[in-house]
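Worksheet for the structure shown next.
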Amino acid sequence: MNVAALRLSGFAVLLVLLAGAGCNRSKRASSESSPAPTPQALRASVTAHAPDAFYDPPSDVPRKPGELLRSEPLKDVMLPAGVRGWRILYATTVDDSTPATAVATVFEPTDPPAGPRPVIAWEHATTGLLQKCMPSLVSLPTKGIPWCNRIVMAGWVVVATDYSFAEKGGPHPYLIGEGEARAGLDSVRAARQMSELILDKRMVIWGYSQGGHTALWTGIVGPRYAPDLEILGVAAIAPAANIKNILAMNVAADKRFGPYLALSYSRFYPDITFEQALRPEALDAARQIVDLCDFVPPEDAERIETLVATFDGPALATSSNNALQARLARNTPDSLIKAPVVIAQGLSDTVVPSSATDAYVEDRCSSGQRLEYWTFAGRDHLTIFQPGTPLEELLISWTTARFANEPQASGCVHKSF
Numbered sequence: 024m025n026v027a028a029l030r031l032s033g034f035a036v037l038l039v040l041l042a043g044a045g046c047n048r049s050k051r052a053s054s055e056s057s058p059a060p061t062p063q064a065l066r067a068s069v070t071a072h073a074p075d076a077f078y079d080p081p082s083d084v085p086r087k088p089g090e091l092l093r094s095e096p097l098k099d100v101m102l103p104a105g106v107r108g109w110r111i112l113y114a115t116t117v118d119d120s121t122p123a124t125a126v127a128t129v130f131e132p133t134d135p136p137a138g139p140r141p142v143i144a145w146e147h148a149t150t151g152l153l154q155k156c157m158p159s160l161v162s163l164p165t166k167g168i169p170w171c172n173r174i175v176m177a178g179w180v181v182v183a184t185d186y187s188f189a190e191k192g193g194p195h196p197y198l199i200g201e202g203e204a205r206a207g208l209d210s211v212r213a214a215r216q217m218s219e220l221i222l223d224k225r226m227v228i229w230g231y232s233q234g235g236h237t238a239l240w241t242g243i244v245g246p247r248y249a250p251d252l253e254i255l256g257v258a259a260i261a262p263a264a265n266i267k268n269i270l271a272m273n274v275a276a277d278k279r280f281g282p283y284l285a286l287s288y289s290r291f292y293p294d295i296t297f298e299q300a301l302r303p304e305a306l307d308a309a310r311q312i313v314d315l316c317d318f319v320p321p322e323d324a325e326r327i328e329t330l331v332a333t334f335d336g337p338a339l340a341t342s343s344n345n346a347l348q349a350r351l352a353r354n355t356p357d358s359l360i361k362a363p364v365v366i367a368q369g370l371s372d373t374v375v376p377s378s379a380t381d382a383y384v385e386d387r388c389s390s391g392q393r394l395e396y397w398t399f400a401g402r403d404h405l406t407i408f409q410p411g412t413p414l415e416e417l418l419i420s421w422t423t424a425r426f427a428n429e430p431q432a433s434g435c436v437h438k439s440f
C-alpha cells in the first residue's frame, strides 16, 4: 500500500486550503513573509460548525431547479481583505430528476465593478460524504479556492457549490457525474437571482480532483440541463476522470474513498447495495468511514487513516460486481464537451496517477474532443497548487482568454511545464 499517497489524499484539501493555494490575505491571517506553519498548526487553525437551520430544506422542495430559496451574508468566518461573501440555499435535482437542495458560497469584492459580472463556478475536491463535511461550514471558506483573491479582484464572482442533498444530512451524489454537475449549474442560476449581485450568464468552470470529475461532467451536462447559462470553458485539475482506472491503479485511494462511493451509489442506484459493493473484510471499517469527514475536523481524517489500515487490499468489490463496474463506467465523462477544455496534471501525483489521466486524455482526443493538456514535472496532487506553481498564471490567463472570447487552438495540444 502507498502510505504516502493515502496520507496525502486525506489531508490534500486541508493543506491546499491553508498552505497558500487559496486567498492568503485574510483579515486575521499572518503576512505572506511569515514562516510556513507546520502541518499540525495548519490543521488546528481551521474549524467547522455543524449545519444550522439555514441548511434545512423546505417541506416541499421546488421542482424548478436553480431557484434561490434563501441567502445570507457570511458571518463568524475569516475572509480576505476586500472580499465579501454569502451562503445560498437553492433547489436542484439529482440525476434521476428527484428534487434536492444544495448550499453554495458566493464571493465578490467589497467594491465590485459594474455588472453584469462573469462567474467562476468552483467544484471542490473530496471533503467527505455527508453535509456536515462540506466547505461552506468551515471557518476559512475561501481558502480552498485556488488564487481566489486574484479571481475576485479581477472582477469575477466565485460561486462554490457544496453539491446536493436529496435528504437532510446526506449523502451527496459522490462521483455521480450528472448529479454533481446539476448542483454546480444550479448554484450559478441561484446566485444570478441574488439582489446584491448582477451576474452574467457567462461562466468558466474550475474543478479539482473530485471536482475535476464534476467540472468535466458540468461541461457535458450544461448545454442540455442549463441552456440559460453560457459555459465558456472547463478547467479540470488532477481530475478523478476515469474512476474505475484510478481506483485500480491506486489501492490507497480505493481504501479511503471506496466506502464513500459505495454508500453514494447504493443511495442513488437501485442495482447497487452498500454491502455488496464492498469486500467483506472492508465492511466494518467502511461503515465507520462513511460517517467521517476527509477534511475537518482533523481527528476524522486521522481516524480514517487508522481504519483503512485494518484491512488489506481495496475496499470496493469492483472485480466481482458487474453492476458496480457498469456504474463506474457510466460515470466516466466521455461525451463531447462543446466548450474549450484544459486538463492539468502533476506528473508526481500519487492520488490521481498521471498515467490514468494520460489514458483519459488519449481516449478523449481520439474521440474528437478539443482540449489542452498541461503536465507539470515534479508536481503532485498537492504541490500542483503551491506557491511558485506555473499553473497559477497559466490558468488565470487561460480563463481571461475565455471571458474575452479568444479562440482556443483546435484539436488536442499537450504542453509540458
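Residue 306 in the numbering used here is what sits at position 283 of the sequence shown, and the numbering runs on without skipping anything. Every residue gets a Cβ at the ideal spot worked out from N, C-alpha and C, and that includes glycine.
Whether residue i touches residue j by CB criterion (9 Å)
i: Gly-200; j: Ile-243; result: yes
i: Ala-114; j: Pro-96; result: no
i: His-195; j: Asp-209; result: no
i: Leu-330; j: Ile-312; result: yes
i: Gln-233; j: Glu-146; result: yes
i: Phe-334; j: Glu-304; result: yes
i: Glu-258; j: Ile-228; result: This sequence places Ala at residue 258; Glu is not what is there. Contact: yes.
i: Trp-240; j: Pro-356; result: yes
i: Thr-149; j: Tyr-78; result: no
i: Leu-153; j: Asp-386; result: no
i: Asp-134; j: Gly-105; result: yes
i: Cys-316; j: Gly-167; result: no
i: Glu-131; j: Leu-220; result: yes
i: Arg-107; j: Ala-127; result: no
i: Ser-187; j: Ala-123; result: yes
i: Val-319; j: Ala-73; result: no
i: Pro-169; j: Glu-415; result: yes
i: Val-384; j: Ile-366; result: yes
i: Leu-359; j: Ile-295; result: no
i: Tyr-231; j: Ile-260; result: yes
i: Thr-373; j: Asp-277; result: no
i: Thr-412; j: Arg-402; result: yes
Closest Cα partner of residue i within the set the options
i: Pro-81; options: Thr-116, Leu-112 and Ile-327; result: Leu-112
i: Thr-237; options: Pro-262, Glu-253, Lys-224 and Glu-219; result: Pro-262
i: Gly-336; options: Leu-301, Pro-363, Gln-311 and Arg-326; result: Leu-301
i: Val-182; options: Leu-91, Asp-223, Tyr-197 and Val-129; result: Val-129
i: Leu-418; options: Ser-120, Thr-70, Ile-143 and Asp-357; result: Ile-143
i: Gly-192; options: Gln-431, Ile-407, Arg-387 and Asp-75; result: Asp-75
i: Trp-421; options: Val-364, Gly-434 and Arg-86; result: Val-364
i: Leu-370; options: Val-384, Lys-361 and His-404; result: His-404
i: Leu-222; options: Glu-253, Ile-168 and Ile-360; result: Glu-253
i: His-437; options: Ala-332, Leu-394 and Pro-132; result: Leu-394
i: Asp-251; options: Ser-439, Pro-293, Arg-225 and Pro-430; result: Arg-225
i: Asn-344; options: Phe-318, Lys-155, Ser-289 and Ala-324; result: Ser-289
i: Cys-435; options: Ala-285, Ser-390, Pro-169 and Ala-424; result: Ser-390
i: Ala-469; options: Trp-170, Arg-310 and Asn-273; result: Any question about residue 469 goes unanswered here, given that the chain covers just 24 to 440.
i: Arg-93; options: Met-217, Leu-414 and Glu-415; result: Met-217
i: Tyr-292; options: Ala-362, Pro-85 and Ser-120; result: Ser-120
i: Asp-99; options: Val-180, Glu-190, Pro-430 and Val-69; result: Val-69
i: Arg-86; options: Ala-189, Met-101 and Gly-178; result: Ala-189
i: Ala-432; options: Gln-392, Ala-276, Pro-413 and Gln-409; result: Gln-392
i: Ala-324; options: Thr-116, Cys-156, Val-117 and Gly-138; result: Cys-156
i: Pro-430; options: Gly-411, Thr-412, Ala-362 and Arg-402; result: Ala-362
i: Val-180; options: Cys-388, Phe-440 and Gly-138; result: Gly-138
i: Thr-116; options: Gly-178, Pro-158, Ala-204 and Pro-136; result: Ala-204
i: Pro-136; options: Ala-125, Asp-118, Gly-178 and Pro-158; result: Gly-178
i: Gln-368; options: Pro-321, Ser-287 and Gly-235; result: Gly-235
i: Asp-118; options: Cys-388, Ser-287, Leu-91 and Ala-427; result: Ser-287
Sheet register partners of residue i (DSSP bridge)
i: Glu-95; result: Arg-110
i: Val-126; result: Leu-112
i: Ala-71; result: Val-161
i: Val-436; result: Glu-395
i: Glu-131; result: Arg-107
Min CB distance residue i to chain C below 9 Å
i: Thr-184; result: Among the protein chains of the structure shown there is no chain C, as only one such chain exists.
### Uninterrupted beta strand (DSSP E) stretches inside the segment 133–200 (no shorter than 3 residues)
140–146 and 180–188, all fully within the segment 133–200.
### Query
Does the segment 388–403 come within contact of the segment 365–380, defined as at least 3 CB pairs closer than 8 Å?
Using a Cβ-Cβ distance cut-off of 8 Å, the segment 388–403 and the segment 365–380 are in contact, since at least three pairs of beta carbons, one from each stretch, lie closer than that value.
#### Entry: Any 3 or more C-beta pairs closer than 8 Å across the segment 352–362 and the segment 258–268
As far as the Cβ criterion goes, the segment 352–362 touches the segment 258–268, which means the pair count is three or higher.
### Query
Along the chain, which unbroken stretches of the alpha helix (DSSP H) at least 4 residues long are found entirely within the segment 354–432?
Entirely contained in the segment 354–432, the alpha helix (DSSP H) runs reaching 4 residues are, in chain order, 377–389 and 414–426.
### Query
Where are the alpha helix (DSSP H) runs, 4 residues long or more, that stay fully inside the segment 188–262, in chain order?
Complete alpha helix (DSSP H) runs here, min 4: 200–214 and 233–248.
### Query
Could you give the uninterrupted runs of the beta strand (DSSP E) lying entirely in the segment 285–345, keeping only those of 3 residues or more?
The qualifying runs do not exist here; there are none.
### Query
How do the segment 167–178 and the segment 210–225 stand: do at least 3 beta-carbon pairs fall below 8 Å, yes or no?
Taking 8 Å as the limit for Cβ pairs, the verdict is that the segment 210–225 does not touch the segment 167–178.
#### Entry: contact_flag[the segment 150–166, the segment 244–261] where n(CB pairs < 8 Å) is 3 or more
Under the three-pair Cβ rule at 8 Å, the segment 150–166 does not count as touching the segment 244–261.
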